[in-house]
Amino acid sequence: MKQENLKYLDDAISANLQENSKDPDCIVGASICVIHKGEEVYRNEYGYADREKKIPMAADSIFRCYSMTKPITSVAVMTLVEKGVLSLTDPVSMYLPGFKDQQVLTDDGLVPVEREVQIQDLLNMTAGVVYPDASFPAGKVMQDMIDEYYRKIFEEDTPTSTYDLANLIGKQPLAFQPGEKWCYSFCADVLGAVVEVVSGKSYGEYLKETIFEPLGMTDTDFYVPEEKQDRFCQFYQYMPETETLEPCTWQHLGLSYMHLKKPAFESGGAGLVSTVDDYGKFVKMLLGKGTYQGVRILGQKTVEWMTQNRLTEQQLKSLGWEQLKGYGYGNLMRVMIDAAHADSVGSDGEFGWDGWLGSYMFVDPKEDLAVIYVIQKCGGNGFRDIQVIRNIVYSAL
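One rule links them: number in the working numbering = place in the sequence shown (from 1) + 114.
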């Protein structure tokens, strides 16, 4: 790759490092890693991991993955499929009783499901499950449930386990009939509980034994132990009233304790913390079609299958996010299916996902290329930043 082109990344990322700026598009710190043909060809860190403590972003800074947890959950599920103990067409109710006798909340009230939610529905976000969101009826019901979940944690000190929360999610009404549409939701969290039931281990234990330890991902977990907390990134929220970025003091999606102690609910959709080094090993495994440095996590055909679009033409109509133009979706990841109509340079078959704090990763098998970009800002910093980074990286090929 042309290193002179990749150096444009420094200008593009540094332009947003405007400490105490009134610009809502500013960031406190960032890290980027470009991987080509199995090797890191570009790596840099910018700004602060923790501005208040004056801790610079470093190669081993620990960040909150949020939804970059989801591809790891997808891999965990597929390891069980390869072992023959889980089938993608299994009804979720085989493992979680909360998914029995489900109902759909329609304009005319509650109606029974036409078929049961299957494992593949969860992987494709087509189950009808939702995230908490008071702006529509099923989302409001889920919001009420998660509000009560938080009340029990912080007022009664009675946290809910991964398994029990997944069953509670299943008991809430679906927003639509299984398979009818795509909707971003708690599906990956439910899959974490399925992994627990099938494996007989906690979700964190299964990830550690099956993915993290074999790949040498020593800093990836559902919390940051005390001896590592000096490397833990602060995360920030833009405050319009003061026009400043300030440390964020709240969490959502069932996460608790600010990742500073082990949670009872190990969120397969948003709960992991990691480093760029650790996540890079996971990405290199995907680039290696299931293998990294001689360690096999998945078979080649499994990786090829799980990184394809799984949505039907009808389901694709509900995939309306700006940043997903030109993409399909499957197995908890976006998959580029129409590069000619995407809003940044790429290849058909490129896949990946991002997180609520703005971190982002993509893998392009055709070019043997991957990028990991990390920031820690509530809501991210907009799609334009990602477009710029992608276009610069592809220009270096």
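For every residue, glycine included, the Cβ atom is placed at its ideal position computed from N, Cα and C. Quick caveat: nothing in here was measured; it's all calculated off a predicted structure.
{"Check": "DSSP three-state assignment for Val485, whether helix, strand or coil", "Outcome": "strand"}
{"Check": "Separation of Gln365 from Gln343, as counted between CA atoms", "Outcome": "18 Å"}
{"Check": "Cys147 - containing beta strand (DSSP E), residue span", "Outcome": "Gly143 to His150"}
{"Check": "For Met353, three-class secondary structure by DSSP", "Outcome": "strand"}
{"Check": "Local Cβ density within 10 Å of Met304, reported as buried at 16 or more and exposed below that", "Outcome": "Note on residue identity: the sequence assigns Val, not Met, to residue 304. Buried, since its Cβ has 16 or more Cβ neighbours within 10 Å."}
{"Check": "Three-way DSSP call (helix, strand, coil) for Glu319 in this model", "Outcome": "helix"}
{"Check": "Euclidean distance between Cα positions of Val338 and Thr276", "Outcome": "18 Å"}
{"Check": "Same chain, Cβ closer than 6 Å to Asn445, neighbours up to 5 away in sequence not counted", "Outcome": "Ser188, Leu237 and Met420"}
{"Check": "Proximal residues to Leu157 (C-beta, below 6 Å), its chain only, five neighbours per side dropped", "Outcome": "Looking at the sequence itself, residue 157 is Arg, so the reference to Leu does not match. Closer than 6 Å at the Cβ level, and outside the excluded window around Arg157, lie Cys147."}
{"Check": "Proximity below 8 Å, CB of Leu471 to CB of Lys439", "Outcome": "no"}
{"Check": "Gly469 vs Met182 beta-carbon contact at 8 Å", "Outcome": "yes"}
{"Check": "C-beta contact flag for Val387 and Arg165 at 8 Å", "Outcome": "no"}
{"Check": "Own chain, CB closer than 7 Å to Gly413, minus 5 neighbours either side, in chain order", "Outcome": "Glu196 and Gly404"}
{"Check": "Reduced DSSP secondary structure (H/G/I, E/B, other) of Lys491", "Outcome": "strand"}
{"Check": "Beta bridge counterpart(s) of Thr416 as assigned by DSSP", "Outcome": "Thr416 is not bridged to any residue."}
{"Check": "Proximity winner among Phe268, Ile283, Asp137 and Tyr441, relative to Ser381 (alpha-carbon distances)", "Outcome": "Ile283"}
{"Check": "In chain order, each alpha helix (DSSP H) run of at least 4 residues that lies wholly inside the region 329–417", "Outcome": "390–401"}
{"Check": "Residues bridged to Arg448 (per DSSP)", "Outcome": "Tyr443 and Gly466"}
{"Check": "Residue span of the beta strand (DSSP E) that contains Asn158, given as start and end", "Outcome": "Glu153 to Asp164"}
{"Check": "Residue interval of the beta strand (DSSP E) (run including Gly314)", "Outcome": "Counting along the chain, Gly314 falls outside any beta strand (DSSP E), and DSSP gives it neither H nor E."}
{"Check": "Residue environment, Thr203, which counts as buried when at least 16 other CB atoms sit within 10 Å", "Outcome": "exposed"}
{"Check": "Neighbourhood of Gly161 by C-beta distance below 8 Å, restricted to the same chain and skipping five residues each side", "Outcome": "Leu131, Glu133, Ile141, Val142, Gly143, Ala144, Pro170 and Met171"}
{"Check": "Nearest residue (CA-CA) to Val502, options Tyr122, Gln117, Met259 and Asp261", "Outcome": "Tyr122"}
{"Check": "Straight-line gap, Tyr508 to Gly306 (C-alpha atoms, nearest Å)", "Outcome": "34 Å"}
{"Check": "Paired residues, beta bridge with Gln429 - DSSP", "Outcome": "In the DSSP output, where bridge partners are listed per residue, Gln429 has none listed."}
{"Check": "Which listed residue (Gly493, Tyr487 and Ala510) has its alpha carbon closest to that of Ile127", "Outcome": "Tyr487"}
{"Check": "Validate contact between the region 315–327 and the region 249–268 using beta carbons, cut 8 Å, 3 pairs", "Outcome": "no"}
{"Check": "Runs of beta strand (DSSP E) lying entirely within the region 220–263, each at least 3 residues, in chain order", "Outcome": "223–226"}
{"Check": "Secondary structure of Met475, DSSP reduced to three states", "Outcome": "strand"}
{"Check": "Residue from Ile500, Cys347, Lys376 and Gly368 whose Cα sits closest to the Cα of Cys362", "Outcome": "Cys347"}
{"Check": "Closest Cα partner of Pro138 within the set Gly493, Ala510 and Ile506", "Outcome": "Gly493"}
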